[in-house]
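Have a look at the structure below before the remarks.
2 protein chains.
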Amino acid sequence: MSDIEAPLFAPIPRDDLPQRIARQLADAVTAGRLRPGERLSESAAAREMGVSRAPVREAARLLESAGLLVSRPNRGFFVRSVSATDLDAVYELRICIEAEAAARLARTGAASALPRLAAQIERMRALADAGAHVEQVDADLAFHRALCAACGNARLLGVFDQIVWEMRLGLVLIGRLYDDAHLIAETHLPVLAALRAGDPAAAAAAIRFHIGAAREAVVDRFRALEGTTA
Amino acid sequence: MSDIEAPLFAPIPRDDLPQRIARQLADAVTAGRLRPGERLSESAAAREMGVSRAPVREAARLLESAGLLVSRPNRGFFVRSVSATDLDAVYELRICIEAEAAARLARTGAASALPRLAAQIERMRALADAGAHVEQVDADLAFHRALCAACGNARLLGVFDQIVWEMRLGLVLIGRLYDDAHLIAETHLPVLAALRAGDPAAAAAAIRFHIGAAREAVVDRFRALEGTTA
DNA sequence: CGCCTGTCGGCTGTCGACACTTTGACGCTT
DNA sequence: AAGCGTCAAAGTGTCGACAGCCGACAGGCG
Numbered sequence: 079m080s081d082i083e084a085p086l087f088a089p090i091p092r093d094d095l096p097q098r099i100a101r102q103l104a105d106a107v108t109a110g111r112l113r114p115g116e117r118l119s120e121s122a123a124a125r126e127m128g129v130s131r132a133p134v135r136e137a138a139r140l141l142e143s144a145g146l147l148v149s150r151p152n153r154g155f156f157v158r159s160v161s162a163t164d165l166d167a168v169y170e171l172r173i174c175i176e177a178e179a180a181a182r183l184a185r186t187g188a189a190s191a192l193p194r195l196a197a198q199i200e201r202m203r204a205l206a207d208a209g210a211h212v213e214q215v216d217a218d219l220a221f222h223r224a225l226c227a228a229c230g231n232a233r234l235l236g237v238f239d240q241i242v243w244e245m246r247l248g249l250v251l252i253g254r255l256y257d258d259a260h261l262i263a264e265t266h267l268p269v270l271a272a273l274r275a276g277d278p279a280a281a282a283a284a285i286r287f288h289i290g291a292a293r294e295a296v297v298d299r300f301r302a303l304e305g306t307t308a
Numbered sequence: 079m080s081d082i083e084a085p086l087f088a089p090i091p092r093d094d095l096p097q098r099i100a101r102q103l104a105d106a107v108t109a110g111r112l113r114p115g116e117r118l119s120e121s122a123a124a125r126e127m128g129v130s131r132a133p134v135r136e137a138a139r140l141l142e143s144a145g146l147l148v149s150r151p152n153r154g155f156f157v158r159s160v161s162a163t164d165l166d167a168v169y170e171l172r173i174c175i176e177a178e179a180a181a182r183l184a185r186t187g188a189a190s191a192l193p194r195l196a197a198q199i200e201r202m203r204a205l206a207d208a209g210a211h212v213e214q215v216d217a218d219l220a221f222h223r224a225l226c227a228a229c230g231n232a233r234l235l236g237v238f239d240q241i242v243w244e245m246r247l248g249l250v251l252i253g254r255l256y257d258d259a260h261l262i263a264e265t266h267l268p269v270l271a272a273l274r275a276g277d278p279a280a281a282a283a284a285i286r287f288h289i290g291a292a293r294e295a296v297v298d299r300f301r302a303l304e305g306t307t308a
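Protein chains in written order, with our numbering: chain G, 79 to 308; chain A, 79 to 308.
Here is the structure:
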């Protein structure tokens, strides 16, 4: 894939306390134990995990860079609370990022990336059958992440990784993603077809259409959700 | 502007030690005392500034989020070293970000933002006359940042802020930006004209052309620079 | 009864200290 | 002479502790 010299050995997984803590924190959010807008007490978290506050702080900074947390001076970290307006902005950003990624990928030849992309669609189908909507969200995002990863521009992937948490938060908050969970898997197919054909313009148009449709559906549903709770 | 009740008092500028430290560190980089690829010893910095390592660490994390520093486990922080490939990727990202921003701005009406944009172009002209190329780079980036800020999508601005340091590093490394410093100011004008006309497609095309031209010139020059030093 | 003020608990921001890792240099072996 | 093992210095990762700040609650005044 990339032309790095020799992947002879994998790096040893160092202890990396902050990263393990960050994973726990993120899991707490996905599991619903920490809800959007809620405060994350670093002292309490440190106490419960049996570590000092320093690595917890480091982990929180990591998750802040990832977009899951936001920090307020002298008040600590809060789980990012997503609004419909935020989600709409994120979708717009995704559209222009991923359209570029798709065009690039189609231009440079997507052969090596196609299997992975197709696999994620297949996974989405299976998870839709199983009715596992949270995992389906993961598969959906994994497809789009793979697209950004394969396009050859590392910065595009970096941007995607920075908004992926916000997407996740929004999508799991909605609950069931679409009225028809199976439809979402199928709407990825035109993108794949355009990539396979090596047509940059078609690939960009396909992803624009795909994300645009999702944007409309998700933001509408989210607005309705906000109307009931707020 | 906003319909908040009473702006009687301005908020007191809290000490915010990390931010002041971050500014010093950033200044050290722009002044050339810390060069790309060089290591930033947080203990030494803390000693020299007369503070503990904790706020220095915090400041470094801030600058890492801003893209100025990168951290390596157990080895601390390093000033980001930009390559021609990196710069090319950043330019590509900028093109799709700013094209979207320009189109949005043209669509929603750019009247309120036009004076600020025009002012930056004027500043570029003046600084080109004065031969102050570092400040001209700042004015150039300020123009593009204002574009992203005015478009109404906060995430676009966030992405721009994350790559602006890499741009700065690359541009100041080149030294003289173009063969003709005056030309760069003028090439911004078509963007402004399209915005004033309220033509989204033209605005996007103008910014694509403008950044694309800069991309080619800068990356070529940077490649030549790399060939001589590496 | 409602608003403001004083107090209190908890928390973050910052600090100095210690252990482990990294790194560069020196000396030894082949 | 080149390479490996050892060692010391420097620096980061982590820890516990203290000061200042924030939010909440109770009490006083209009």
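By construction, the Cβ of each residue, glycine as well, lies at the ideal position given by its N, Cα and C atoms.
Exposed or buried, G/D57, counting other C-beta atoms within 10 Å across all chains shown (16 or more means buried)?
The structure shown does not extend to residue 57 of chain G, since chain G is modelled only from 79 to 308, so the question has no answer here.
Step through the CB atoms of chain A and report whether any lies within less than 9 Å of the CB of G/P133.
Taking Cβ atoms only, chain A never reaches closer than 9 Å to G/P133, which makes this a no.
Compute the Euclidean distance between the alpha carbons of A/R201 and A/A217, then round it to the nearest angstrom.
Each residue's alpha carbon lies about 7 Å from the other.
Return no unless some Cβ of chain G is closer than 9 Å to the Cβ of A/E304.
At least 9 Å separates the CB of A/E304 from every CB of chain G.
Below 8 Å on the Cβ atoms is my contact criterion, and I expect G/R233 with A/I241 to pass it. Report the Cβ-Cβ distance as a whole number of Å.
That belief holds up - the Cβ atoms of G/R233 and A/I241 are roughly 7 Å apart, short of 8 Å.
Report back the beta-carbon spacing between G/A227 and G/L235 to the nearest angstrom; my notes put them in contact at under 8 Å.
Indeed, because the Cβ distance is near 5 Å, the residues count as touching under 8 Å.
Would you mind listing the alpha helix (DSSP H) stretches within the region 159-242 of chain A that are 4+ residues and don't spill past its ends, in chain order?
Segments of the alpha helix (DSSP H) lying fully in the region 159-242 of chain A: 162-186, 192-208 and 211-228.
Taking a Cβ distance cut-off of 9 Å, strictly less, list which residues of the region 82-104 of chain A are near chain G, in chain order.
Listed in sequence order: R92 and D94.
For A/P151, would you say it is in contact with chain G, using Cβ-to-Cβ distances shorter than 9 Å as the test?
Yes - at least one Cβ of chain G is within 9 Å of the one on A/P151.
With 16 as the cutoff for other CB atoms within 10 Å, does G/L270 come out buried or exposed?
Buried, by the Cβ-count rule.
Determine whether the Cβ of A/A162 lies closer than 9 Å to any Cβ atom of chain G.
By this cut-off, A/A162 is not an interface position.
Under a CB-based cut-off of 9 Å, is G/V168 close to chain A?
By this cut-off, G/V168 is an interface position.
Jot down the residue ranges of each uninterrupted alpha helix (DSSP H) in the region 90-148 of chain G, minimum 4 residues, whole runs only, in chain order.
Whole alpha helix (DSSP H) segments, 4+ residues: 95-108, 120-127 and 131-143.
Through-space distance from G/H266 to G/A259, alpha-carbon basis:
Spanning the alpha carbons of G/A259 and G/H266 requires a straight line of approximately 13 Å.
Chain G contact for A/A279 (CB, 9 Å cutoff)
Taking 9 Å as the threshold, the shortest C-beta distance from A/A279 to chain G does not fall below it.
If you draw a straight line from the alpha carbon of G/A167 to that of A/A137, how long is it in whole angstroms?
The C-alpha of A/A137 is placed about 28 Å away from the C-alpha of G/A167.
Within 10 Å of its beta-carbon, does G/F238 have 16 or more other beta-carbons around it, so buried, or fewer, so exposed?
Buried: at least 16 other Cβ atoms inside 10 Å.
Return the CA-CA distance between G/A303 and G/P114, expressed in angstroms with no decimal places.
Looking at the sequence itself, residue 303 of chain G is Leu, so the reference to Ala does not match. Each residue's CA atom was taken as its position, placing G/L303 and G/P114 some 14 Å apart.
How many angstroms separate the CA atom of A/G230 from the CA atom of A/L261?
Rounded to the nearest angstrom, the two C-alpha atoms are 29 Å apart.
Contacts that G/C174 makes with chain A (C-beta to C-beta distance below 8 Å):
Here the neighbours are C174, I175, A177 and E178.
Does any residue of chain A bring its CB to less than 9 Å from the CB of G/G276?
With a threshold of 9 Å between beta carbons, G/G276 makes no contact with chain A.
Do G/A191 and G/A282 have their CB atoms nearer than 9 Å?
Against a cut-off of 9 Å, the Cβ pair of G/A282 and G/A191 comes out as no contact.
If you count every other CB in all the chains shown that lies within 10 Å of the CB of A/V148, and 16 or more means buried, which is it?
Note on A/V148: under 16 other CB atoms within 10 angstroms of its CB, so exposed under the neighbour-count rule.
Neighbour-count burial assignment, G/V107, 16 or more Cβ in a 10 Å radius:
Answer is buried; the Cβ neighbour count reaches 16.
Paired residues, beta bridge with A/F156 - DSSP:
Bridge partners of A/F156: A/R117 and A/V148.
Give a yes or no on whether the C-beta atoms belonging to A/R139 and A/I289 are separated by under 9 Å.
Contact: no.
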